[in-house]
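First comes the structure, then the notes that go with it.
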Amino acid sequence: MRKKTLTAIAVSAALTLAACSDQADNASADTGSENTQSQVAGNDTAQLDSSNPFAQPSELQYEAPDFSIIEDDHFLPAFEQGMQDHMAEIEAIATNPEPATFENTIVAMEKSGELLTRVSRVFFNLTGTDSNEQRRDIQRTLSPKLSAHSDDINLNADLFARVESLYNQRDELGLDSEAERLLEVYYDRFVSAGAKLNEEERQQIRELNEEHANLTTQFAQNQLAITSDIAVVVDSEEELDGLSASEIRSAANAAQDAGHEGKYLLSITNTTRQPVLSSLNNRELRQRVWEASAYRGTSGELDNRPLVKRLTEIRAERAELLGFDTWADYQLQDTMAENPGNVLEMLSSMVPAVVANTELEQADIQALIDRDGGDFEVQPWDWAYYAEQVRQERYDLDEEEVRQYFEFNRVLHDGVFYTMNRLYGLTFEERDDLPTYHPDVEVYEVFDHDGTSLAIFYADYFAREGKRGGAWMTSFVGQSHLLEKKPVVVNVMNIPKGPEGEPTLISYDHVTTMFHELGHGIHGMLSNVNYPSLAGTSVSRDFVEFPSTFEEDWAAYPDVLSNYAKHYETGEPIPDELLEKIMQSRSFNQGFDTLEYIAAAFLDMEWHMLDADANVDDVEAFEAAALEKHGVNMPAVPPRYKSTYFNHSIGGGYSAGYYAYMWSEILAADAFAYVQSRGGLSRENGNLYRRAILETGNSRPPMESYIEFRGQEPTTEALLIRRGLKTNVE
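Per mature numbering (1 follows the signal peptide of the UniProt record, and there is no 0): the sequence shown = residues -24 to -1, 1 to 706.
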């Protein structure tokens, strides 16, 4: 099917139920966006003090970072030397008196900046997973310097002249397909960064880039501080009625750790909706929790509204300088969606059916409130609580009972790792000898079906102070045959850890998130390309979520479920009746889930479809107008993220790209259905998918990879089945 069919026909025909779940939204494959200034490697430095662990590649396997000797004082000197060395290498390439060749220009750039890459990947991983005040200070210091460093490369006229000369004669260079793809990527990257601008315009871009770097850093750091500040302190256990004994103990421990002895602390996650709201019987406390979440970043020293306005202004101004109508037009030029119109067409096609479905859900909830004698209309802090009661009545499903069958370690080893073995022949062996950056992090060596060692995998799954919210994948080392590098990959989540000495029991949503994130992980670990800039997850945003979403559905595959869904105490398999209830209930409340997702996606697009002359005075008024414009302004169902804590969008990684989860799901559903038609969970199917999708990275256009795997472009039939809207594909 053509793209227009993907974005419009299917979704408009039948999306009366779900959208992406929270875990998918939060599961961004973070490919080092903070340190895109240097994604390559090359010469070591001799000037940096040899005692600095970044002065040379780590001696640990695959250059895994040696956290036993890395200290915060090592970062800034390594960054300073790394930028200096990298710029010297770039200047040597740009001023080379020899005519430009693919080897002395493109390959030389791929080999440059090893020290900067090494320190960047470690540092920016830690600022997301284990932040502290010194690291935040370093980040603030580095932001303008790294921005200037990036501009000094991307706006270097001599360097671009060499790249452009190669690009213009690319058909005569005799390059193989991957090398030709790399040349095209480099050329597009330079042009998109402003290489064709005049000197005055280049200076404007530099100034905007520096300001943008500073403000995105401030936004991210505000997010961390806000999350800690807005945690809700509860005075008595009676107020926590509805929570399990384990959850109450965890809240007591969290309060004690935060200095609130004898009280209870409810942490706020990064979405508007809070998981605890489905259980709390105390309506006043539910309102406190919801308001702490929904109104964050709107007052005091951590007011993010000025940042929201200025960041979107900067993006619009940059887009105009680069010849685009809006930032959304600029961002989407190299994606599968191509332009904002196609994105809006997809999202808008969902609205009538989704709103209608959500209104039916709201009517059911209101009926329950009225039946129970509640003299109020359902509010956002009521929705999850009463929706859970409706769910229990309809499906007789107790979430606490469900969690008894999803013990974290069993899910990881007998579920996620087991699936990767059945599909791809991978085995994960724990490595206690490799140091980590936090005691909760576990390290595994990953082996192929023939015993060949492939990668190192860090598993960082538990929530803690200093870790940003959500779930993501990133790397300490990227794969490259050119540089003889094997991948060192990290998965990060925010699962609440069980009380000391007790098992961690998780929801089915967390189960599917674990599958999702390792989908990103193996996309990085099974990469098999020559050039680091094309490796692993270095693909467009609306393709990168496809491999991860594809893995989610294996969580419910019978052979997989029977291997990991067992009672944490008795080892008894999950009863068929309970499992059936879980699967049936997955389609419940999906109007709400879909509406809060697409409302956030519309906000993202509206902020980034502003032109450079737009002037937004009131962030809240802009949000309300955007939701009203697209027919998704239901007071009881606010967007999954509001602008002041919308890190995907305002933080920059997915600006004008939050739609990508839905786009990728079309590919994932079609691919999973195709695999089922070929026999399901097997090495034959896994190897086909591995060769065509996982190993290729960005070495060719993503649709070419998909067609090699599937034999055709995706259709939307499987998406309808995945969402429970059709029972079979005709």
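Glycine included, C-beta positions come from ideal geometry on N, C-alpha and C.
Residue environment, Ser44, which counts as buried when at least 16 other CB atoms sit within 10 Å: exposed
query: For Glu660, which beta-bridge partners are listed by DSSP?
result: Answer is none; Glu660 lacks a bridge partner.
Pairwise C-alpha distance: Glu684 and Leu308: 24 Å
- prompt: According to the Cβ coordinates, are Glu582 and Phe598 closer than 9 Å?
  reply: yes
message: Given this structure, state the Cα-to-Cα distance separating Val330 from Asp348, to the nearest angstrom.
response: Val330 and Asp348: Cα-Cα distance of roughly 27 Å.
DSSP three-state assignment for Ser212, whether helix, strand or coil: coil
- prompt: Cα separation between Pro534 and Tyr540?
  reply: 10 Å
Integer-rounded CB distance, given that Phe438 should sit under 8 Å from Val422: The C-beta separation of Val422 from Phe438 comes to about 21 Å, leaving the pair out of contact by the 8 Å criterion.
task: With DSSP collapsed to three states, give me the class of Ser9.
output: Residue placement at Ser9 cannot be trusted, given a pLDDT of 32 that sits under 50; the coordinates are not used to answer.
- request: Assuming Val210 and Leu261 form a contact by the criterion Cβ under 8 Å, report the distance between their Cβ atoms to the nearest whole angstrom.
  value: Under the criterion of beta carbons closer than 8 Å, Val210 and Leu261 qualify as touching, at roughly 7 Å.
task: Taking 9 Å as the cut-off, decide whether the C-beta atoms of Arg294 and Leu184 are in contact.
output: yes
- prompt: With a cut-off of 8 Å, do at least 3 Cβ pairs link the stretch 489 to 509 to the stretch 287 to 302?
  reply: no
message: By alpha-carbon positions, which one of Ser107, Phe136, Gln23, Ala31 ends up nearest to Glu67?
response: Of the candidates Ser107, Phe136, Gln23, Ala31, the one whose C-alpha sits nearest the C-alpha of Glu67 is Phe136.
Integer-rounded CB distance, given that Leu323 should sit under 8 Å from Ala40: Wrong, their Cβ atoms sit about 41 Å apart, outside the cutoff.
- prompt: Looking at Ser204 and the ligand GTP, is the gap between the Cβ and the nearest heavy atom below 8 Å?
  reply: Ligands are entirely absent from the displayed structure, and the ligand GTP is therefore not among its contents.
query: What alpha helix (DSSP H) runs, 4 residues minimum, are completely inside the stretch 211 to 282?
result: 221 to 233, 259 to 270
- prompt: Contact check, Leu158 vs Tyr507 under 8 Å by CB: the rounded distance?
  reply: 5 Å
- prompt: Are Ala76 and Leu131 close, meaning C-beta to C-beta below 9 Å?
  reply: no
message: Going by beta-carbon coordinates alone, are Lys605 and Phe622 separated by less than 9 Å?
response: no
task: Measuring alpha carbon to alpha carbon, tell me which of Val392, Ala189, Asp426 ends up nearest residue 708.
output: With the chain covering -24 to 706 only, the question about residue 708 has no answer from this structure.
message: Let's see if you can read the secondary structure: which residues bound the alpha helix (DSSP H) around Val592?
response: Per DSSP, Val592 belongs to no alpha helix (DSSP H) and is neither H nor E.
message: Quick check on Met585: does DSSP put it in helix, strand or coil?
response: Note: Met585 maps to coil in three-state DSSP.
In chain order, each alpha helix (DSSP H) run of at least 4 residues that lies wholly inside the stretch 50 to 115: Counting only runs that start and end inside the stretch 50 to 115, the alpha helix (DSSP H) elements of at least 4 residues fall at 51 to 70, 84 to 87, 90 to 105.
task: For Thr513, name the three-state secondary structure that DSSP assigns.
output: coil
- prompt: Just to confirm, are Phe522 and Ile669 a CB contact at a threshold of 9 Å?
  reply: yes
- prompt: Between Gln368 and the rest of its own chain, which residues show a CB-CB distance below 8 Å, the 5 nearest in sequence each way excluded?
  reply: Asp374
message: Mapping the DSSP letters down to three states, classify Phe384 as helix, strand or coil.
response: helix
field: Residues near Pro678 in its chain [Cβ-Cβ closer than 7 Å; skip 5 each side]
entry: Answer for Pro678: Met312, Val515, Ser516, Phe519, listed in chain order.
- request: Any chance you could list the beta strand (DSSP E) runs of at least 3 consecutive residues sitting entirely within the stretch 357 to 418, in chain order?
  value: 403 to 406
query: Closer than 9 Å, CB to CB, is Ser619 near chain C or not?
result: No chain C appears in this structure, which consists of one protein chain only.
query: Taking Cβ positions, are Ile244 and Ala268 nearer each other than 9 Å?
result: Cβ distance < 9 Å, so Ile244 and Ala268 count as in contact.
- prompt: Quick one: Cα of Ile206 to Cα of Arg272, how far?
  reply: 7 Å
- prompt: Which residue or residues does DSSP assign as beta-bridge partners of Asn467?
  reply: Answer by DSSP bridge pairing, in chain order: Ala435, Met449.
query: Between the stretch 625 to 642 and the stretch 189 to 202, are three or more C-beta pairs nearer than 8 Å?
result: yes
- request: From the DSSP output, read off the bridge partner residues of Glu421.
  value: Glu405, Ile432
- prompt: Which value, in whole angstroms, describes the spacing of the CA atoms of Gly673 and Glu406?
  reply: 27 Å
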